[in-house]
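Structure representation (structure tokens):
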């Protein structure tokens, strides 16, 4: 059976609880966490609460064996 490489695209909203001195620092920390962790698997210490998730697939391309 042929194999296909398919892009899975995600858009999601997650609320995190972070320690910060002020709102600007809190947003900067949340941005850093999203940039470092990719947005889907946050450690439980941040009490992640997913508020929405949209996903779709696109660009199915058949894999070619080089053998």
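In this note's numbering, the protein residues as written are 10 to 76.
Every residue gets a Cβ at the ideal spot worked out from N, C-alpha and C, and that includes glycine.
All of these numbers come straight from a predicted model, not from anything done at the bench.
query, result
"Would you check if the distance between the CB atom of residue 25 and the CB atom of residue 62 is smaller than 8 Å?", "no"
"If you reduce the DSSP assignment to three classes, tell me which class residue 25 lands in.", "coil"
"DSSP has residue 36 in a bridge; who is on the other side?", "DSSP lists no partner for residue 36."
"Using the Cβ count rule (16 or more neighbours within 10 Å means buried), how would you classify residue 13?", "exposed"
"Beta-carbon within less than 8 Å of residue 53's beta-carbon, same chain only, minus the 5 sequence neighbours each way: which residues are those?", "none"
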